[in-house]
Amino acid sequence: MSISKGLVLLLTSQALALPREVLQAQEAPGGLIHLPLAPVTPVTDEGAKSVARRQIFSGVDQYQYTTDAAMGVVVEIGSPPQKVIVEPDTGSRDLWVLDLQPGQKREEPASTFFDRSGSSSLKALGNTRMVSFASERFETDLYSDNVSFGGQSLGDVTVGLADLSKPNTKLARHTGVLGLAPPDLLSDPDAAKGSLLQGMLDQKSIKSKAFGLGLRKRGQGGLTFGGYDASKFSGRLEKLEIQDNGRGRYAFNLKSVSFKSSKAQDPVELYTKTETGRPLRMGTDSGSVAVYISKGTAAAQEFVAKTGAVIEDNKYVFGCDVVDSGASLEFQISDATVVSMPLADIVLSRSEDGKTCTMRMAAENRMPDPVWVGQHFFRRAYVVHDYDNGFIRDLWYKGSITTWIIIRAP
C-alpha cells in the first residue's frame with residue numbers, strides 16, 4: 001500500500017508555544033552530558049477500541065555527544081542486556097547502534113556503543129545494509145539479538161551494527177538510531193519482520209502499532225507505543241491525508257506558512273503553494289535538527305524580502321532583537337489549526353556582540369518536501385503515528401493548549 005493511500009493525519013485546533021528554559025546539564029558517563037528529563041505520562045486511549053491498555057513507555061532525554069546534541073531513548077540489547085542510547089527517528093526505518101571498537105571500553109550504565117563480544121545471544125544474519133544521513137554514508141552488519149524497551153522484553157529483533165573502522169565509512173554522529181518510519185512493504189513484503197514494533201506485537205506488549213512521540217519542556221518528553229493518554233484530552237479531531245513524497249516519509253499539505261516579527265504583530269503570509277503552483281507540502285522528521293522553509297531561489301528571495309532575514313553561508317540570519325521579541329514561523333495546517341514555532345527554538349548561534357542570530361534554517365532545500373521540520377516541530381506538536389486505526393477525536397490538553405497530531409496507516 002502506498003503512503004498516499006495508507007496514511008491520514010488528524011490534528012487539533014490550536015498550538016501554544018512552551019516557555020524557553022535554560023538547559024542545566026549534568027555530567028554523565030562516557031563524556032555524555034545528560035540534560036534533565038521532563039517526563040510524559042504513559043498513555044492509554046479509553047475511546048479507541050483497537051488501541052488497548054497494553055503499552056510501552058520510555059522517557060526521551062536530551063544528550064550532548066561532544067559538540068552534537070540529540071534526543072535519545074535507552075534500549076537494552078543482548079544477554080546480559082546492555083543499555084544503549086539511540087535516537088528515535090521518524091525519518092529512518094531501521095534500528096542500528098555503534099559497534100564498540102577494538103581497545104575501546106564501553107561506559108556504564110548506558111552508552112551509545114554496543115559490545116558484540118559481551119552478548120551470548122547475538123546471531124549474525126549474514127548480510128549488510130547501507131545507511132545514509134545527509135552527506136554521511138556507511139554500512140551496518142545485521143544481527144539478531146534479544147531487545148528490551150521500556151522494561152519489556154521483545155524477543156529477537158534485527159539490529160544493525162555500525163563499524164566505524166570499516167573502509168569508506170563516513171559517519172560523524174555519535175549515536176545510533178531507532179527508526180520509526182513505516183517499513184517499505186512495496187520493495188520488501190517482509191520488511192516489518194524483526195522490527196522493534198513487530199517484536200512488541202509478537203510479545204503482546206502492545207495491541208496496535210500506534211506510537212506517540214512528544215518533546216515537552218526543555219525539548220524532552222516521552223515515546224509511547226500503543227496509544228496516548230485520552231484522559232487528558234477532549235473534543236474533536238480533524239482528518240488530513242498524508243501525501244506521498246517519494247521517500248516513504250511522513251508528509252502532509254499545509255494551507256500556508258506565515259511569519260510573525262514579534263508576539264504583538266500580525267502574521268505576514270509567506271507561502272500558500274510551491275513555485276510551480278502545487279500544494280505546499282511539509283515533511284516531519286524527528287531526527288532532523290534543521291528547518292527548511294522554502295524550496296527554490298524565488299522562494300528564498302521572497303522569504304528574505306518579507307522577513308528581513310539575510311542569507312549567510314546558506315543559513316538564514318536574523319537580528320537577535322527580532323528573535324528575542326518572540327518572532328515565529330506559523331504553520332497553518334487547516335482553517336482551525338496553527339502550529340507556532342518561535343525562532344528562539346532554532347537559533348544555531350549568536351554573534352559575539354549579540355546583534356545577529358544564525359538560524360538552523362537552510363536557504364537551499366534538498367529535502368523531498370518544500371517545507372521540512374524536525375525536532376523543533378515535535379516540541380510544539382505531539383505526534384501519534386497509528387499503523388492500525390485512527391483516533392477521530394479532537395485533543396485539548398487540560399492545563400495548557402498544545403497541538404496533538406495523529407498519523408495512521410492500515
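Everything in the sequence shown is counted per UniProt numbering, starting at 1 for the first residue and increasing by one.
Quick reminder that beta carbons are idealized off the backbone N, C-alpha and C, glycines included.
- In the three-state reduction of the DSSP assignment, M200 falls in the helix class, which pools H, G and I.
- L171 is the residue among D115, L171 and P182 whose C-alpha sits nearest the C-alpha of R137.
- Considering only A124, G287, V291 and S121, the residue with the shortest C-alpha distance to V373 is V291.
- Of the candidates G277, G222 and R278, G222 places its Cα closest to the Cα of G212.
- In the structure shown, the three-state DSSP call for V289 is coil.
- DSSP places K83 in the uninterrupted beta strand (DSSP E) bounded by Q82 to D89.
- A Cβ-Cβ distance of about 6 Å is found for the pair F149 and S58, placing them in contact under the 8 Å criterion.
- Distance between G91 and V131, taken at the CA atoms: about 12 Å.
- Distance from the CA of L161 to the CA of S119, rounded to the nearest whole angstrom, comes to 13 Å.
- Contact between the stretch 252-270 and the stretch 349-367 is absent: fewer than 3 CB-CB pairs across the two stretches fall below 8 Å.
- The DSSP-derived three-state label of G150 is coil.
- Scanning its chain for C-beta atoms nearer than 7 Å, with the 5 sequence neighbours on each side dropped, one finds around G179 the residues D89, S92, R93, D94 and L95, in chain order.
- Rounded to the nearest whole angstrom, the C-alpha separation of L254 and F331 is 7 Å.
- By the beta-carbon neighbour count (other beta carbons within 10 angstroms, threshold 16), R249 is buried.
- Measuring C-alpha to C-alpha distances from V159 to each of P167, S165, S195 and P182 identifies S195 as the nearest.
- Inclusion of V147 and V75 in the CB contact set at 9 Å is warranted, their separation being smaller than that value.
- CA-to-CA, the gap between P109 and G326 works out to about 40 Å.
- Sequence-distant Cβ neighbours of S165 in its own chain, meaning closer than 7 Å and more than five residues away, are Q101.
- Selection T276, E312 and T224 evaluated against A298 yields T276 as nearest (Cα-Cα).
- Inclusion of G155 and D99 in the CB contact set at 9 Å is not warranted, their separation being larger than that value.
- In the DSSP annotation of this structure, the continuous segment of the alpha helix (DSSP H) that includes K306 starts and ends at T297 to T307.
- The beta carbons of A309 and V317 sit closer together than 9 Å.
- Using a Cβ distance threshold of 9 Å, S144 and K123 count as a contacting pair.
- In the three-state DSSP reduction, G277 falls in the coil class, being neither helix nor strand.
- Here R278 is exposed. Its C-beta has fewer than 16 other C-beta atoms within 10 Å.
- DSSP places Q375 in no beta strand (DSSP E) but in the uninterrupted alpha helix (DSSP H) bounded by Q375 to R380.
- When DSSP states are grouped into helix, strand and coil, D321 belongs to the helix group.
- If you draw a 10 Å sphere on the C-beta of R350, you find fewer than 16 other C-beta atoms in it, and that means exposed.
- For M341, the enclosing beta strand (DSSP E) has its first and last residue at V338 to P342.
- Distances from the CA of D285 to each of T358, Y271 and R247 were compared; the closest alpha carbon is that of R247.
- Assignment of beta-bridge partners to L161 by DSSP yields V97 and D141.
- Straight through space, the alpha carbons of G319 and I333 are spaced by roughly 28 Å.
- Contact check for T112 and V73: beta-carbon distance about 12 Å, past the 8 Å limit, so the pair fails to qualify.
- L125 and E312 have their C-alpha atoms roughly 47 Å apart.
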